[in-house]
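> Chains U and E are the protein sequences, given in the same order.
Following the numbering used here, the numbering of the first sequence begins with 1 at its first residue and continues without gaps.
Following the numbering used here, the numbering of the second sequence begins with 1001 at its first residue and continues without gaps.
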Amino acid sequence: MRELINTPLVHVFLTLGVFILSKKMQIKYKSPLLNPILITIIVVICFLLLADIPYEDYERDTQVISFWLAPSVIALGYALYSFLEEIKADFMRIIASMVAGSLTGILSVFMTAYLFGASKATMISLAPKSVTTPIAIEVSKQMGGIPSLTVAFVIVVGVLGAIFGQTYLRLIGVKDPKSVGLSLGATAHALGTASISERGPDFSAFGGLGMALNGVLTAILAPWVIKLMLFLLY
Amino acid sequence: MVLIKQIAIFLGFWLLGNLISYITKLPLSGSIIGMLLLVAALELKLIKTRDIKDVANFLLNNMAMFFIPAGVGLMCHYQVLKQEWMSISVAIVVSALLVLTVVGLIMKKRM
């Protein structure tokens, strides 16, 4: 029985199957809490624990899936390219807000975690929390964080941003599509963007732009900022 | 054949990115360098969007799927979450609010 369960076929099929079902569920109930990624991760972990399969086996068997993570980061370049005209039209303001947002995101989460006594690995894993997961994983891995923790943090930020982001922005008087899209995309990546998509295509386009730009800037800036902060603090 | 060619282009950018990351010792991963190279190549018209469009859209639309195996690795690290959940939660909420504020207010300001 064990040799039947602990195979690449079962691990890959389980991952795809649960993901498809949870995606269907989210479409039906439309709640940001029913995040398909989160649900799939939890269901797969439960399965592995019940079947007594070590993570190393699952990790090795699903390389056919995770292999595509890096190519999908490269594909983000294609997404960014499709926004180049919009960026050029309002270059200074967009770049200023995105650089400031990216640095704020990295530094504030890093420092707050430090002040509240988090470990070094946790701080590094938190640093890229506002960007889209494939980029966050790359940064975390590269700088000595724990990629799987980073995945969890990114999803939590995304869900929180999707639930509370719009209300908060309204409170501080940010209402136009460009500002709302860029700030939610930069804070809560694809989940933040999805939460404003029903307000119109311009909201989601700028959400996508905020997510792409913050992802690229954080990928470039975070390693240097993390190095500098670790040097200053330890 | 079309898809295979497009996949090969993506793998080529990845490989090139890895090579540059290795030679320059930059703290950037190969895939991130590959992404920047792709933007440059598209802007300089070295490659056309139709040479990569189908695979690019497939990858972008299914991104969530690809990091599930990494996320499942959480099962090896629940100790960290148990011990540090306080600092983690505070840091996440504070930082998310700050980013929203900074980006929102800079964009709102007339220039």
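Backbone N, C-alpha and C fix where the C-beta goes; we use that ideal spot for every residue, glycine too.
Please read all numbers here as calculations on a predicted model, not as lab measurements.
Which residues bound the alpha helix (DSSP H) around E:E1084?
The residue given as residue 1084 of chain E occupies position 84 in the second sequence. Residues Y1078 to K1108.
> Tell me which residue opens and which closes the alpha helix (DSSP H) that U:P128 is part of.
If you number the first sequence from 1, residue 128 of chain U lands on position 128. Per DSSP, U:P128 belongs to no alpha helix (DSSP H) and is neither H nor E.
> Hey, how far is the Cα of U:I155 from the Cα of U:L126?
One-based indexing of the first sequence puts residue 155 of chain U at position 155. One-based indexing of the first sequence puts residue 126 of chain U at position 126. Near 11 Å, if we compare the C-alpha coordinates of U:L126 and U:I155.
> Quick check on U:F83: does DSSP put it in helix, strand or coil?
Here residue 83 of chain U refers to the residue found at position 83 of the first sequence. Coil, per DSSP.
> By the 10 Å Cβ neighbour count, where 16 or more other Cβ atoms means buried, how is U:I130 classified, buried or exposed?
In the first sequence, residue 130 of chain U corresponds to position 130, counting from 1. In the sequence under discussion, the amino acid at residue 130 of chain U is Ser, which differs from the Ile named in the question. So U:S130 counts as buried.
> Within the continuous alpha helix (DSSP H) that includes U:S31, where are the two ends?
Position 31 of the first sequence, counted from the start, is the residue given in the question as residue 31 of chain U. Counting along the chain, U:S31 falls outside any alpha helix (DSSP H), and DSSP gives it neither H nor E.
> Hey, is U:E249's beta-carbon within less than 8 Å of any beta-carbon in chain E?
Limits of chain U in this structure are 1 at one end and 234 at the other, which puts residue 249 of chain U out of reach.
> Which runs of the alpha helix (DSSP H) fall wholly inside the region 7-72 of chain U and span at least 4 residues, in chain order?
Qualifying alpha helix (DSSP H) stretches, in chain order: 8-29, 36-50, 55-61 and 63-66.
> Output the boundary residues of the alpha helix (DSSP H) element that contains U:F206.
Working through the first sequence from its first residue, we reach residue 206 of chain U at position 206. From DSSP, the alpha helix (DSSP H) with U:F206 extends over P201 to L233.
> Which residues, taken in chain order from the region 101-127 of chain U, show a beta carbon closer than 7 Å to some beta carbon of chain E?
Result list: G101, T104, G105, S108, V109, T112, A113, F116, G117, A118, S119, T122 and L126.
> So, are the CB atoms of U:M143 and U:P223 less than 8 Å apart?
Indexing the first sequence from 1 puts residue 143 of chain U at position 143. Indexing the first sequence from 1 puts residue 223 of chain U at position 223. Result yes, Cβ atoms of U:M143 and U:P223 sit closer than 8 Å.
> Assuming E:S1021 contacts U:E138 (C-beta within less than 8 Å), just tell me the rounded distance between them.
The count along the second sequence starts at 1 and reaches residue 1021 of chain E at position 21. The count along the first sequence starts at 1 and reaches residue 138 of chain U at position 138. Rounded, the Cβ-Cβ distance is 10 Å, inconsistent with contact.
> Please look up how many angstroms separate the CB atoms of U:L169 and E:G1104, rounded, as I've assumed it's under 8 Å.
Sequence index remark: in the first sequence, residue 169 of chain U carries index 169 (1-based). Sequence index remark: in the second sequence, residue 1104 of chain E carries index 104 (1-based). With a Cβ gap of about 6 Å, U:L169 and E:G1104 count as contacting.
> Could you give the DSSP three-state label for U:S238: helix, strand or coil?
Lying outside 1 to 234, the shown extent of chain U, residue 238 of chain U is not represented and no answer is given.
> Can you tell me the Cα-Cα spacing of U:N6 and U:C46, whole angstroms?
The count along the first sequence starts at 1 and reaches residue 6 of chain U at position 6. The count along the first sequence starts at 1 and reaches residue 46 of chain U at position 46. If you take the alpha carbons of U:N6 and U:C46, they lie about 14 Å apart.
> Is the Cβ-Cβ distance between U:S204 and U:T193 less than 8 Å?
By 1-based counting over the first sequence, the position of residue 204 of chain U is 204. By 1-based counting over the first sequence, the position of residue 193 of chain U is 193. In contact: U:S204 and U:T193 (Cβ atoms closer than 8 Å).
> Alpha carbon to alpha carbon, how far is U:V174 from U:G161? Give it in angstroms, no decimals.
Position 161 of the first sequence, counted from the start, is the residue given in the question as residue 161 of chain U. Position 174 of the first sequence, counted from the start, is the residue given in the question as residue 174 of chain U. Straight-line Cα distance between these residues: approximately 15 Å.
> What would DSSP say about E:P1027, mapped onto helix, strand or coil?
Counting from one through the second sequence, the residue named residue 1027 of chain E turns up at place 27. E:P1027 falls in the coil class under three-state DSSP.
> Assess, as a yes-or-no matter, whether the region 1043-1051 of chain E is touched by the region 226-233 of chain U under the definition of 3 or more beta carbon pairs within less than 8 Å.
Not touching, per the Cβ criterion.
> Compare the Cα-Cα distances from E:M1065 to each of U:V157, U:G17 and U:L171 and report the closest residue.
The sequence position of residue 1065 of chain E within the second sequence is 65, counting from 1. Selected option, being the one with the closest Cα: U:G17.
> Classify U:G161 as helix, strand or coil using the three-state DSSP reduction.
Here residue 161 of chain U refers to the residue found at position 161 of the first sequence. Looking at U:G161 - three-state DSSP - the assignment turns out to be helix.
> Counting only the same chain and skipping the five closest in sequence on each side, list residues whose C-beta sits under 7 Å from that of U:Y114.
For this step, residue 114 of chain U is matched to residue 114 along the first sequence. M123 and L233, listed in sequence order.
> Can you give the Cα-Cα distance for U:L9 and U:L50, rounded to whole angstroms?
Taking the first residue of the first sequence as 1, we reach residue 9 of chain U at position 9. Taking the first residue of the first sequence as 1, we reach residue 50 of chain U at position 50. C-alpha separation (whole angstroms): 18 Å.
> Which two residues bound the contiguous alpha helix (DSSP H) that contains E:N1061?
Working through the second sequence from its first residue, we reach residue 1061 of chain E at position 61. Looking at the DSSP string, the run of the alpha helix (DSSP H) that includes E:N1061 is K1053 to N1061.
> Nearest-angstrom Cα distance between U:T15 and U:F91?
Stepping through the first sequence from its first residue, residue 15 of chain U is reached at position 15. Stepping through the first sequence from its first residue, residue 91 of chain U is reached at position 91. One C-alpha to the other measures close to 41 Å.
> Output yes or no for whether 8 Å exceeds the beta carbon distance between U:T62 and E:P1069.
Taking the first residue of the first sequence as 1, we reach residue 62 of chain U at position 62. Taking the first residue of the second sequence as 1, we reach residue 1069 of chain E at position 69. Going by C-beta atoms, U:T62 is nearer than 8 Å to E:P1069.
> Can you give the Cα-Cα distance for U:V159 and U:A190, rounded to whole angstroms?
Numbered from 1 along the first sequence, position 159 holds the residue referred to as residue 159 of chain U. Numbered from 1 along the first sequence, position 190 holds the residue referred to as residue 190 of chain U. Those two C-alpha atoms are separated by around 10 Å.
> Are the region 62-77 of chain U and the region 1033-1046 of chain E touching by the rule of at least three beta carbon pairs closer than 8 Å?
Contact holds: three or more Cβ-Cβ distances are below 8 Å.
> Within 10 Å of its beta-carbon, does U:W68 have 16 or more other beta-carbons around it, so buried, or fewer, so exposed?
Taking the first residue of the first sequence as 1, we reach residue 68 of chain U at position 68. Label assigned to U:W68: buried.
> In three-state terms, what does DSSP make of E:F1067?
Start at 1 with the first residue of the second sequence, and residue 1067 of chain E comes out as number 67. Three-state result, E:F1067: coil.
> Secondary structure at E:L1003, three-state DSSP: helix, strand or coil?
For the purposes of this step, residue 1003 of chain E is identified with residue 3 of the second sequence, where counting begins at 1. Helix at E:L1003.
> Can you check whether the C-beta of U:I220 is within less than 8 Å of a C-beta belonging to chain E?
Here residue 220 of chain U refers to the residue found at position 220 of the first sequence. Yes, U:I220 lies at the interface with chain E (some Cβ there is under 8 Å from its Cβ).
> Tell me which same chain residues have a C-beta within less than 7 Å of the C-beta of U:S197, skipping the five on either side of it?
Numbered from 1 along the first sequence, position 197 holds the residue referred to as residue 197 of chain U. Cβ within range, chain order: F203 and S204.
> Tell me which residue opens and which closes the alpha helix (DSSP H) that U:S255 is part of.
The structure shown does not extend to residue 255 of chain U, since chain U is modelled only from 1 to 234, so the question has no answer here.
> Taking E:T1101 as the query, report the chain U residues whose CB atoms sit under 7 Å from its CB, ordered along the chain.
Mapped onto the second sequence, residue 1101 of chain E falls at position 101. Under the 7 Å cutoff, chain U gives I172.
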